[in-house]
Amino acid sequence: MTIDTTIAEMIDLFAMLPDWEERYAQIIAYGKDLAPYPEEFRNETFRVKGCQSNVWLHPTFDGQRVHFDADSDAVIVRGLTAMLMRVYDHRTPDEILATKPDFLAALGLDQHLSQNRTNGLASMVKQIMMYAFAFRSLGSKVNT
Amino acid sequence: MSEFPILQRSVHGKPLVYLDNAATTQKPRAVIDAIAEYYEHSNANVHRGGHALGTEATDLFEAARQTVADFIGAPSASTIVFTSGATGSINLVAASWGRTNIHQGDVVALTSMEHHANIVPWYMLCEEVGATLEVVRVLDDGTLDMDHLRSVLASGPKLLAITHVSNTLGTINPIDEICAMARENGVVTLVDGAQSVQHQPVDVVAMGCDLFVFSAHKLFGPTGIGVLYGRDEILASMPPYQGGGSMISTVSFERITYNDVPMRFEAGTPHIAGAVGMAAAIRWFSALDRDMLQQQDVEHTAQICAALSEVTGARIIGTAPERVGIVSFVVDGVHASDIGTLLDTMGVAIRVGHHCTQPLMQRFGVTSTARVSTSVYTTSHDINVFTRSLHKALSMLR
Numbered sequence: 001m002t003i004d005t006t007i008a009e010m011i012d013l014f015a016m017l018p019d020w021e022e023r024y025a026q027i028i029a030y031g032k033d034l035a036p037y038p039e040e041f042r043n044e045t046f047r048v049k050g051c052q053s054n055v056w057l058h059p060t061f062d063g064q065r066v067h068f069d070a071d072s073d074a075v076i077v078r079g080l081t082a083m084l085m086r087v088y089d090h091r092t093p094d095e096i097l098a099t100k101p102d103f104l105a106a107l108g109l110d111q112h113l114s115q116n117r118t119n120g121l122a123s124m125v126k127q128i129m130m131y132a133f134a135f136r137s138l139g140s141k142v143n144t
Numbered sequence: 145m146s147e148f149p150i151l152q153r154s155v156h157g158k159p160l161v162y163l164d165n166a167a168t169t170q171k172p173r174a175v176i177d178a179i180a181e182y183y184e185h186s187n188a189n190v191h192r193g194g195h196a197l198g199t200e201a202t203d204l205f206e207a208a209r210q211t212v213a214d215f216i217g218a219p220s221a222s223t224i225v226f227t228s229g230a231t232g233s234i235n236l237v238a239a240s241w242g243r244t245n246i247h248q249g250d251v252v253a254l255t256s257m258e259h260h261a262n263i264v265p266w267y268m269l270c271e272e273v274g275a276t277l278e279v280v281r282v283l284d285d286g287t288l289d290m291d292h293l294r295s296v297l298a299s300g301p302k303l304l305a306i307t308h309v310s311n312t313l314g315t316i317n318p319i320d321e322i323c324a325m326a327r328e329n330g331v332v333t334l335v336d337g338a339q340s341v342q343h344q345p346v347d348v349v350a351m352g353c354d355l356f357v358f359s360a361h362k363l364f365g366p367t368g369i370g371v372l373y374g375r376d377e378i379l380a381s382m383p384p385y386q387g388g389g390s391m392i393s394t395v396s397f398e399r400i401t402y403n404d405v406p407m408r409f410e411a412g413t414p415h416i417a418g419a420v421g422m423a424a425a426i427r428w429f430s431a432l433d434r435d436m437l438q439q440q441d442v443e444h445t446a447q448i449c450a451a452l453s454e455v456t457g458a459r460i461i462g463t464a465p466e467r468v469g470i471v472s473f474v475v476d477g478v479h480a481s482d483i484g485t486l487l488d489t490m491g492v493a494i495r496v497g498h499h500c501t502q503p504l505m506q507r508f509g510v511t512s513t514a515r516v517s518t519s520v521y522t523t524s525h526d527i528n529v530f531t532r533s534l535h536k537a538l539s540m541l542r
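Going down the list, the protein sequences come from chains A and B.
The opening position of the first sequence corresponds to residue 1 in this note's numbering, with each subsequent residue numbered one higher.
The opening position of the second sequence corresponds to residue 145 in this note's numbering, with each subsequent residue numbered one higher.
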């Protein structure tokens, strides 16, 4: 599924859940689908700074696409992380860098991007972008 | 209270229930009006110029100093230094009194319930001069280990920097007794009153402290202004901290003489509107029935604790018998940040995190807590809404 259809699907789903309670239940449900995080990467190196709860993000790059493992010890943050993964996992660095997290506003979740740092979603998005940027430079070097 | 405009608003479509008063209090109409009035009618720089507005602004600013002195029982307005807040006050003392009096090998005593603002400036000072920190233990119920305190004070530290009321546990320290013990041992005391001023009557002379600090914004006043009270002899002995206008008597490139206390510590244009707003807050607060409010605080704290005792897996961190309306708790298997997020969607504002007391979190073996904190406008209904919302949040999270 392309990034655009993935985002459109989530927006459609959230539009059908007008009640905050159902929305958060959905976010929590997304978190339950997140693949298990490899324990060997549950360390300070891969911990995303600036989050109130612990968030871990580990990237791998196969030369074309970036794969992320991600996890959090807070249920809602894990759900938000899972939503980011639906959008950014297994994408090319160019696709990632071209996709600003504007879709969170369409989902009514832009409050989570505030500098308030209550869940570090902004830090997580920034970290995803930084990895993508690094891998893009790496990818271009591999190609030449 | 209808005097607080912000409490009439809603959040996420729900009536706001504000229970984060240990972080900051809301502002009554009287304070908002006083600040607007100052800017609309009296704004000018203080302590300079001979015009009418300058005189009016100076009079308001200096009257605010007297209002603060009266509020905390300080013997004179000259013992009151305006700072940016409790943090600014502590940094001022660490930089000025600290650098003069703390030397290599000296000891600064703290407690493990201090806010980072009363830890980091001392840590930085100790690093700089080669002194060490001695930390007084906290017992399991969140009270101070008085035996340990006694032995630490007897070992001859230069300073005891201690909070009056814990911002995380709500514990009220027996501050009069502690200051007396310090005095007997010749130890200078700095008391962090950030949390106490809105909950406890404060009289710095009866307390017997040498230095006392607090912020206006935790006392219904504006942010960006606070107070350093110091006994005359202590303040007079302290060298200037920041240089600039107002803090000097004469300046030439060969020689500078400094102004008297408290102006010596107020370089540059001060937060005049802040001082005016703080004075308005103190006047407003002082007109309330403080005894009734303290009783109400005790009842609200008991109501919160009783509600939490019925929550499966909930544990209150800090159960001191003498406490204010600040209650920290954790719930087994549930992250505090998830509780905070869901309560917010229900219009209930609490604080989750380490509350700038990481050593205390380590002491109690947690990384974060959820914290409910009350104020004068908190109602029993607010606490009921919090309790219902907490149950609802936990049913979603577990």
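Built from N, CA and C at the ideal position, the CB exists for glycine as well.
Using the Cα positions of residue i and residue j, report the straight-line distance between them to the nearest angstrom.
{"i": "residue 448/B", "j": "residue 163/B", "result": "11 Å"}
{"i": "residue 306/B", "j": "residue 345/B", "result": "17 Å"}
{"i": "residue 515/B", "j": "residue 282/B", "result": "19 Å"}
{"i": "residue 223/B", "j": "residue 302/B", "result": "21 Å"}
{"i": "residue 511/B", "j": "residue 313/B", "result": "14 Å"}
{"i": "residue 65/A", "j": "residue 57/A", "result": "16 Å"}
{"i": "residue 252/B", "j": "residue 271/B", "result": "12 Å"}
{"i": "residue 491/B", "j": "residue 165/B", "result": "15 Å"}
{"i": "residue 322/B", "j": "residue 207/B", "result": "32 Å"}
{"i": "residue 531/B", "j": "residue 387/B", "result": "51 Å"}
{"i": "residue 144/A", "j": "residue 131/A", "result": "Unreliable positioning characterises residue 144/A in this predicted model, as indicated by a pLDDT of 43, which lies under 50. The coordinate reading is nonetheless provided below. If I take the Cα positions, the gap works out to 20 Å."}
{"i": "residue 483/B", "j": "residue 35/A", "result": "24 Å"}
{"i": "residue 437/B", "j": "residue 340/B", "result": "13 Å"}
{"i": "residue 385/B", "j": "residue 37/A", "result": "51 Å"}
{"i": "residue 138/A", "j": "residue 106/A", "result": "33 Å"}
{"i": "residue 497/B", "j": "residue 374/B", "result": "32 Å"}
{"i": "residue 427/B", "j": "residue 212/B", "result": "9 Å"}
{"i": "residue 439/B", "j": "residue 90/A", "result": "60 Å"}
{"i": "residue 194/B", "j": "residue 204/B", "result": "15 Å"}
{"i": "residue 335/B", "j": "residue 372/B", "result": "10 Å"}
{"i": "residue 5/A", "j": "residue 108/A", "result": "18 Å"}
{"i": "residue 97/A", "j": "residue 127/A", "result": "11 Å"}
{"i": "residue 248/B", "j": "residue 382/B", "result": "19 Å"}
{"i": "residue 529/B", "j": "residue 161/B", "result": "8 Å"}
Report, in whole angstroms, the separation of the C-beta atoms of residue i and residue j, which I expect to be a contact under 8 Å.
{"i": "residue 229/B", "j": "residue 390/B", "result": "Contact flag wrong, Cβ pair sits at about 19 Å."}
{"i": "residue 289/B", "j": "residue 280/B", "result": "6 Å"}
{"i": "residue 84/A", "j": "residue 129/A", "result": "Not really, about 11 Å apart at Cβ, beyond 8 Å."}
{"i": "residue 365/B", "j": "residue 425/B", "result": "4 Å"}
{"i": "residue 286/B", "j": "residue 174/B", "result": "Actually they do not touch by this definition, with Cβ atoms about 35 Å apart."}
{"i": "residue 467/B", "j": "residue 316/B", "result": "6 Å"}
If you follow the alpha helix (DSSP H) that residue i is part of, which residue opens it and which one closes it?
{"i": "residue 613/B", "result": "The question about residue 613/B has no answer, for chain B in this structure spans 145 to 542."}
{"i": "residue 336/B", "result": "From DSSP, residue 336/B is part of no alpha helix (DSSP H) but of the beta strand (DSSP E) over 332 to 336."}
{"i": "residue 20/A", "result": "20 to 32"}
{"i": "residue 531/B", "result": "524 to 541"}
{"i": "residue 435/B", "result": "434 to 453"}
{"i": "residue 253/B", "result": "Premise fails: residue 253/B lies in the beta strand (DSSP E), 251 to 255, not in any alpha helix (DSSP H)."}
{"i": "residue 320/B", "result": "319 to 328"}
{"i": "residue 79/A", "result": "75 to 88"}
{"i": "residue 14/A", "result": "3 to 15"}
Beta strand (DSSP E) containing residue i: first to last residue?
{"i": "residue 278/B", "result": "276 to 280"}
{"i": "residue 461/B", "result": "458 to 461"}
{"i": "residue 373/B", "result": "370 to 374"}
{"i": "residue 59/A", "result": "55 to 61"}
{"i": "residue 515/B", "result": "513 to 517"}
{"i": "residue 307/B", "result": "303 to 307"}
{"i": "residue 355/B", "result": "355 to 359"}
{"i": "residue 350/B", "result": "It is not in any beta strand (DSSP E) - residue 350/B instead sits in the alpha helix (DSSP H) that spans 348 to 351."}
{"i": "residue 364/B", "result": "Segment: none, residue 364/B is in no beta strand (DSSP E) and carries neither H nor E."}
{"i": "residue 70/A", "result": "66 to 72"}
{"i": "residue 429/B", "result": "Note, residue 429/B: premise wrong, no beta strand (DSSP E); alpha helix (DSSP H) at 416 to 430."}
{"i": "residue 393/B", "result": "392 to 395"}
- Segment contact flag, the segment 498 to 510 of chain B with the segment 252 to 267 of chain B, C-beta cutoff 8 Å, min 3 pairs: yes
- Item | the segment 292 to 311 of chain B in contact with the segment 327 to 345 of chain B per 3-pair CB rule at 8 Å | yes
- Message: Across the segment 321 to 336 of chain B and the segment 470 to 486 of chain B, are there enough close Cβ pairs to call them in contact, namely three or more that are closer than 8 Å?
- Response: no
- Message: Does the segment 415 to 428 of chain B come into contact with the segment 181 to 191 of chain B, if we say contact requires no fewer than three beta-carbon pairs (one atom in each stretch) closer than 8 Å?
- Response: yes
- Message: Using 8 Å as the cut-off, can you tell me whether the segment 443 to 463 of chain B makes contact with the segment 233 to 248 of chain B, which would need three or more C-beta pairs spanning the two stretches below that distance?
- Response: no
- Touching or not, the segment 76 to 85 of chain A and the segment 25 to 39 of chain A, by the rule of three or more beta carbon pairs under 8 Å? yes
- Tell me, please, whether the segment 456 to 463 of chain B touches the segment 267 to 276 of chain B by the rule of three or more beta-carbon pairs shorter than 8 Å. no
- Would you check if the segment 150 to 163 of chain B and the segment 398 to 412 of chain B touch, i.e. whether three or more CB-CB distances between them fall below 8 Å? no
- Query: Of all the residues that make up the segment 72 to 93 of chain A, which are near chain B by a beta-carbon distance shorter than 7 Å?
  - Reply: 73, 74, 75, 76, 77
- Task: Compile a chain-ordered list of the residues in the segment 493 to 509 of chain B whose CB is closer than 8 Å to at least one CB of chain A.
- Result: 496, 497
- Any residues in the segment 14 to 34 of chain A with a beta carbon nearer than 8 Å to a beta carbon of chain B? Which ones, in chain order? 20, 21, 24, 25, 28
- For the segment 38 to 61 of chain A, which residues have a CB atom closer than 7 Å to at least one CB atom of chain B, in sequence order? 52, 53
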